[in-house]
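Residue numbers (our numbering): 26 to 156.
Beta carbons are placed, not taken as given, at the ideal position from N, Cα and C, and that holds for glycine.
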C-alpha cells in the first residue's frame, strides 16, 4: 500500500501591484525603440532610425515612424534641421527631451501625453512630412 505524504503549503504574499492604464510587462514596440534612439543620437533621419531599430516584424514601420515624428515635430519636441545638400534626406534633432518614457501620441485629440510628468502637449494637426 502506497503512503501519501502531507505537504504543508504556505500561501505566498501577493507582490504584484496592478496599475491602471499601464501594461503589466513593458513593451518594446517601434516607437519606444525610436524614442531611445532619438534621445541618444545628435540628429537622425527616418532611414537611419529604421536601419537601427526595425526588426522586420513590424507592420508598416516606415509609416508608423513618419507619423510619430510628424506629431513630435508639430508639438515642438523635434526640430527639423536644414539640409546641407540638395539630395540629403530630412533630418531632425531632439529639441525638448521629455524624459526616458516614450511620449504617447493621441491623434484624435491632437495631443501628446508625456508619461514622465503626466503633462499633455497640444499640437496643430499638420500634414505628414514628405521624407
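- Counting only the Cα atoms, residue 53 lies some 34 Å from residue 109.
- Between residue 98 and residue 105 the beta-carbon gap is near 6 Å, inside 8 Å, which marks them as a contact.
- Residues 127 of the same chain have their beta carbon placed closer than 6 Å to that of residue 60, with the five preceding and five following residues left out of the count.
- Per the C-alpha coordinates, the member of 129, 66, 65 positioned closest to residue 100 is 129.
- Closest in C-alpha terms to residue 95, from the list 84, 56, 142, 81, comes 56.
- In terms of CA proximity to residue 116, 107 leads the group 123, 107, 122.
- With fewer than 16 other Cβ atoms from the protein chains shown falling within 10 Å of its own Cβ, residue 147 counts as exposed.
- Taking 7 Å as the cut-off, the beta carbon of residue 62 is found closer than this to the beta carbon of residue 77.
- The C-alpha of residue 135 lies about 10 Å from the C-alpha of residue 145.
- Judged by DSSP in its simplified three-state form, residue 72 adopts helix.
- Of all alpha-carbon atoms in 142, 73, 137, 143, the one lying nearest the alpha-carbon of residue 149 is that of 137.
- Around the Cβ of residue 122, a 10 Å sphere holds fewer than 16 other Cβ atoms; the residue is exposed.
- The residue from 132, 86, 103 with its alpha-carbon nearest to that of residue 67 is 103.
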